[in-house]
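Protein chains in written order, with this note's numbering: chain A, 4 to 262; chain B, 4 to 262; chain C, 4 to 262; chain D, 4 to 262; chain E, 4 to 262; chain F, 4 to 262. Virtual Cβ for every residue (Gly too), placed ideally from N, Cα, C.
6 protein chains.
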Amino acid sequence: MVPGMSDATKSRPDGRAPSDLRTVTIETGFQRNPEGSVLYRAGGTTVLVSVSVAEGVPAWMQSGRGGWLTAEYAMHPRANARRQRRDGRSAAGVDGRSAEIQRLIGRSLRAAVRLDQIGQRTITVDCDVLDGDGGTRTAAVTAGFVGVALALDALRKRALLGRGVLRVPVGGVSVGYAGGRALLDVCYQEDRDAQMDLNIVATRAGAIIEVQGTAEASPIPRQHFDEMLALGLGAMPAIDALQRGALERAGVALDELCG
Amino acid sequence: MVPGMSDATKSRPDGRAPSDLRTVTIETGFQRNPEGSVLYRAGGTTVLVSVSVAEGVPAWMQSGRGGWLTAEYAMHPRANARRQRRDGRSAAGVDGRSAEIQRLIGRSLRAAVRLDQIGQRTITVDCDVLDGDGGTRTAAVTAGFVGVALALDALRKRALLGRGVLRVPVGGVSVGYAGGRALLDVCYQEDRDAQMDLNIVATRAGAIIEVQGTAEASPIPRQHFDEMLALGLGAMPAIDALQRGALERAGVALDELCG
Amino acid sequence: MVPGMSDATKSRPDGRAPSDLRTVTIETGFQRNPEGSVLYRAGGTTVLVSVSVAEGVPAWMQSGRGGWLTAEYAMHPRANARRQRRDGRSAAGVDGRSAEIQRLIGRSLRAAVRLDQIGQRTITVDCDVLDGDGGTRTAAVTAGFVGVALALDALRKRALLGRGVLRVPVGGVSVGYAGGRALLDVCYQEDRDAQMDLNIVATRAGAIIEVQGTAEASPIPRQHFDEMLALGLGAMPAIDALQRGALERAGVALDELCG
Amino acid sequence: MVPGMSDATKSRPDGRAPSDLRTVTIETGFQRNPEGSVLYRAGGTTVLVSVSVAEGVPAWMQSGRGGWLTAEYAMHPRANARRQRRDGRSAAGVDGRSAEIQRLIGRSLRAAVRLDQIGQRTITVDCDVLDGDGGTRTAAVTAGFVGVALALDALRKRALLGRGVLRVPVGGVSVGYAGGRALLDVCYQEDRDAQMDLNIVATRAGAIIEVQGTAEASPIPRQHFDEMLALGLGAMPAIDALQRGALERAGVALDELCG
Amino acid sequence: MVPGMSDATKSRPDGRAPSDLRTVTIETGFQRNPEGSVLYRAGGTTVLVSVSVAEGVPAWMQSGRGGWLTAEYAMHPRANARRQRRDGRSAAGVDGRSAEIQRLIGRSLRAAVRLDQIGQRTITVDCDVLDGDGGTRTAAVTAGFVGVALALDALRKRALLGRGVLRVPVGGVSVGYAGGRALLDVCYQEDRDAQMDLNIVATRAGAIIEVQGTAEASPIPRQHFDEMLALGLGAMPAIDALQRGALERAGVALDELCG
Amino acid sequence: MVPGMSDATKSRPDGRAPSDLRTVTIETGFQRNPEGSVLYRAGGTTVLVSVSVAEGVPAWMQSGRGGWLTAEYAMHPRANARRQRRDGRSAAGVDGRSAEIQRLIGRSLRAAVRLDQIGQRTITVDCDVLDGDGGTRTAAVTAGFVGVALALDALRKRALLGRGVLRVPVGGVSVGYAGGRALLDVCYQEDRDAQMDLNIVATRAGAIIEVQGTAEASPIPRQHFDEMLALGLGAMPAIDALQRGALERAGVALDELCG
């Protein structure tokens, strides 16, 4: 082992190497009612995803033939160290951060689905963060894809949908930059200290669906950005494997959905 | 087996006898952050309880010396067969049913705590129904008591509280009346068909904290009401035992808290 | 006179015996526009009830054949010693207490009406507390029934409804427990000091429609609860007589409506 | 009787002459709690006025020495022929018409009070229209002045205020223009058909506090406007007499308050 | 020069004579999308008017044949010396002052349009105050009329409307009373110190559409009111000329619209 | 000229080359009151930026020493082809898209300011889109920086701030990918048809502050993303020059602020 490598590794709070994902567990069928239900844990972050499929589409697209997918994201009031007001119950409506994140989740998962193949139906992906420890929005995308696949598979098994309703599997991961290097799948403590926080949604093959990065204090050089992007895209096969594993255990043949 | 008994038993959808509780599981420590965290399942009903303790009390009681306890209750948008709007995100604010229920939970759990012994602190009990199949409000009380005990025990272990901060353990159960008899712990299907739905919050010894019953179609004779009340109060020792078991497994000595 | 009785009587703030109702006046036709209008005073409590009948039913029941009844309850901003914010004008929407109470009123009055006999109409019962001195929710039920009977009678006189649109007359009363005995129809001062506050909605014959009781500090034995329930149900004939008297003076033949 | 006069008189729906006020009754002390309570009826219009005096002033004027007066105006949901949504419970907050009117009432009554003489107190004038039949905003001003005088008199009798806290009595009246002449105190039916609706707030002597007039369909000549203004100002002594009568019966010496 | 005249003139903050309007500029076509767009500046007041014409009318008038016109008025958060909360983003919904003003604008401009001649269309007049220095509501009426004429002309040029869709041109002006005389078109500083603030909407010929005046401290004699009204009505030809000039430069033939 | 180049150029709706910015005009001092006021036009997009500086900071940072910067973004109701509801006046509060965008603007401009050097002050950047034709969020960043510099310069000229309150000038630009190539500064029509829409906030030197890109239909290869990023970063010197030009004309010495 290279000593420098070893030093660098030690500096992550949980002892991971810079390119290590946190431990992920994906439990399907956690709730009884949703067409797709996923309890997703990555390190200290827990997201409950519930996917509902309803007949009908929003008014603005009723003249078309296809369907729609939308997401809602909410922090459980005690997802963090201090209790926060229940999102949406304050006078100001949905919290701005939640609004921003649920839009990203919706865009990301719409890219995964062939909306013109699902009939005039609306897929709603509810993402509730039960424990927050960094990376909740990309966790919601990764888990959300599993939930959407479960839901579409359920409809397919009821002969309501044909093959090929998924365009491509998608997953998400966050990358930070701190201490002169890119760090994969940063936890809250790392995120807080990072110079940039980059959220990536992509395919197994590394094609990009969404990129959203913010330099926290001072601008960062493009070279660092490229390093982060490469690290994140490089993790997509591992994320894809986690998703496929959970879907297989749940009896979902992803290839038929993507067909 | 008595034929009538057998017939009656068969008529409950899940084969229970009229005085049977549903199968209950109580998982503590489900979330990482709350002082008290409980995932409570009773048959097809699942409630996630999160208890937070914060310094300070609401403005209206700041001149006093004691603390306060309040509850929030929300249905997960997909707790039922159809997705509902996320509670609190509609224009009309908190749903009326949620408002009614969270007030009952708060009153019930305040009766369990010696608020004058907890200092100027506010205990918030978040009750999120993840799956709804009847009896969610009394499930929230039963699980809420476990969560409050966990939270007060955690403060006590940090030497922030003394003995005797709990007045008395409390639990809740619902009773229905259908087919000429009282039925314990009704599920949604039974509740829908019952002539009366009675929610009871009480102590192990059967002392009453809250009673709330509604005749669904026509008024019912007092004799039936008394039968229901007796059935519910009779189940309190069993509920108490479930709570104590979960707390023991979590290392909480209930007697010291109640001391 | 028995000395103990006499002592007990003296201890009520207004000199009533434990089983005495407060003085009640029921003025019908107070407002010009509603199908049923009632100004109801019981001691220091004043509730203005306005019953409106409109064609049509809520969307969720449009496929059925019958009608619907709903209630709104609001405190006048100066119903109490200090002015409060006008209910519904705060950021948080309808006050939680109002939401809880208007649901109880709605359930209670729906039990009184044969909704399947009133056509596709919606009855709205507006209950505005102009002066609050305890017992406002049961006052709203008692007055609300008078208002509903006035409204249905008005429709019946216009030949829009047949006989038998009322199932059964209902009334409400509150009972407290203090000083070792049950007290009927408690005023605010008694309510504040009571160990339990019990709200009862029932028929003249004592059949139960709604029971809602809360132990204020410590749990109370079932025996005390039973004593309270008996006291409340025992008052129903007197309440029924007050309602019938007001309706008779207004020219309403209750028996034809109940027929 | 002059035939033309007679014809003109006959054309008002209730047989009044063009310069007749409707019958007014002013009942003080209708509610128990407010410092000033007035039930005001003018023909088919009924307004309940409740005046509250609280210690303290809004944040924006806390550096000053005087007090503040504000008004709230709301239609009872069944003040009109059809039930309307309860004001303030809709998603859009306070109805625009109510907002406009309560601002006029507040301005008008602030002109009546020497705010710098009432200490750091806030007077809130709640105006609830129980029956609407035209002229509700000026009825609220006329009744509101009575309520404010009652409230200030109550404080004066508790020795909390000195002489001269009122600047000048004020009252309001509406005037319509229809059929080629000005009509005093128009009811709803006349208002609906009028070419202009003019609301006037003024003193007994005819000095102007607020004028607000709207031509309903086409612009009207200044000469007609002047005729309306003269008719309204000419009614102020009669309105003042009604207010004084009610205050005298309630034991209020207006001259000491105005001193 | 008469000395008194000269003194009086000097006392206006910007050196105007009592009967002088502020300098007005009217820029049409400021925004690209609206059917009518006007940037209106009068002294230190700037109002951006945007007129939109949409197919369809509000639900409550769908059974009729004509159209509707409505206005929205909002202060830019930095229209004044201190930044204010963005109107409508506070918990309380639209600010009361804005609600009052936009109702006045709507009424005034509806008087200018033959709503029964524009088909089932809704005209929305958005008035955004970018700089506030007094007289914003009457500026919005004056500019709003120009915008409505631009919009109707645009529809007429697309052959969607015939001649005569305007009833009459309307404009607005504010008048103050200070220092013993009426002052035309008061700026904020004058308005703040005035005894009365009078807003007038009228035609070129001085026929009245809306009058709204408020005595700020003490009631004012009718004679002063009349003086103010005369001064305001006397300015209408000058305001009309400014409107016509702007419309002519934009190629709009007002006479055809009014035909 | 290479024919392929020429064809490509022709295909942009306004005839620009792929790496051309739209024509930009920056008018400072458009509003009278803000510390910094900018009317920014880029092609068919117009953004009004108003920068306000107020004493004090939000409650959550009051224990610190520095200041804060926040942004609000709103579409004018007629910024687009159809009128939309005024943002914030709907029941649901601030539109989700606006919430997302104003968070991006705030983060971007906070990176430009040394918040620890501005004292306990809050800078609010109001961005109102008057005409929308693509690129509004990056236009708001570019114009917002000019406004912030104007505001800080104004404070500096009043000797309230020292040198070096700006960390670095920042600007924004959007890039699309369509027809097999990256296109700079896309207008609405191009944006709608693009495979990816990328928003970049960066310094003159190309250091990155914020990157936010969304693939509209199918994922895009990293190579295309890199091409887009390079095109956007390459435009930063031109954007910086436009900003500097406007600030120079307004008499602001950027170097002293950046000191």
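Within the same chain, Cβ atoms closer than 7 Å to the Cβ of D243(C) are found at P172, G174 and R207, the five residues on either side in sequence being excluded. Taking 3 residues as the shortest admissible run, the region 172-207 of chain B contains the following complete beta strand (DSSP E) segments, listed from N- to C-terminal end: 174-181, 184-187 and 199-205. E103(E) has no beta-bridge partner at all, per DSSP. A distance below 8 Å separates the beta carbons of A146(C) and Y43(C). Per the Cβ contact rule, the region 154-161 of chain D is not in contact with the region 184-194 of chain D (fewer than 3 Cβ pairs under 8 Å). Scanning R170(E), S177(E), D134(E) and D200(E) for the CA closest to the CA of A82(E) turns up D134(E).
Within the model, the alpha-carbon separation for A210(A) versus D258(A) is close to 18 Å. For the options Q120(D), R88(D), E213(D) and A253(D), the alpha carbon positioned closest to that of L153(D) is the one of A253(D).
With 16 or more other Cβ atoms inside 10 Å of its own Cβ, T139(F) counts as buried. At least 8 Å separates the CB of R247(A) from every CB of chain B. Within the region 21-106 of chain B, the beta strand (DSSP E) runs of at least 3 residues that lie entirely inside it are, in chain order, 27-31, 39-45, 48-58 and 71-78. Any Cβ of chain F closer than 8 Å to the Cβ of P61(E) would place that residue at the interface, and such an atom is absent.
Annotation: H79(A) to V132(A) spans about 6 Å, alpha carbon to alpha carbon. Taking the Cα positions, R161(A) is about 13 Å away from I121(A). Nearest to T141(D) by alpha-carbon distance, out of E251(D), S111(D) and V41(D), is S111(D). In the DSSP assignment, L257(A) falls within the alpha helix (DSSP H) that extends over L257 to C261.
Between L107(C) and Q246(C), the CB-CB gap reaches or exceeds 8 Å.
Looking at the backbone, the Cα of S40(F) and that of V255(F) are separated by about 13 Å. G167(D) sits in coil when the DSSP states are folded into three classes, being neither helix nor strand. Around the beta carbon of S66(B), fewer than 16 other beta carbons lie within 10 angstroms, which makes this residue exposed. Segment contact: the region 51-67 of chain F against the region 56-63 of chain E, fewer than three CB-CB distances shorter than 8 Å; contact not assigned.
Taking the Cβ atoms as the reference, A218(A) lies roughly 18 Å from I104(F), outside the contact range of under 8 Å. Between the C-alpha atoms of R184(D) and L232(E) there is a straight-line separation of about 21 Å. Taking the Cβ atoms as the reference, V52(B) lies roughly 7 Å from V128(B), within the contact range of under 8 Å. Excluding its 5 nearest sequence neighbours in each direction, D90(A) has C-beta neighbours in its own chain below 7 Å: A77, M78, V97, D98 and S101, listed in chain order. Per DSSP, reduced to three states, the secondary structure at I121(F) is coil, with no helix or strand assignment. Buried is the label assigned to D136(C), since at least 16 other Cβ atoms lie within 10 Å of its Cβ.
For T206(D), at least one C-beta of chain E is nearer than 8 Å to its own C-beta. Within chain D, no residue has its CB atom less than 7 Å from the CB of I126(E), the nearest being about 17 Å off. Annotation for V214(D): the continuous beta strand (DSSP E) segment containing it runs I211 to A218. By the CB criterion at 8 Å, R113(E) and G70(E) fall outside the cutoff. In the structure shown, D229(E) falls within a helical segment according to DSSP collapsed to helix, strand and coil.
For S221(D), the nearest CB of chain E lies under 8 Å from its own CB, placing it at the interface with that chain. Judged by their CB atoms, I126(C) and L72(C) are nearer to each other than the 8 Å cut-off. Beta bridge pairing from DSSP links T127(F) with S55(F) and T73(F). Using a Cβ-Cβ cut-off of 8 Å, R106(C) is close to G99, R100 and E103 of chain B, given in chain order.
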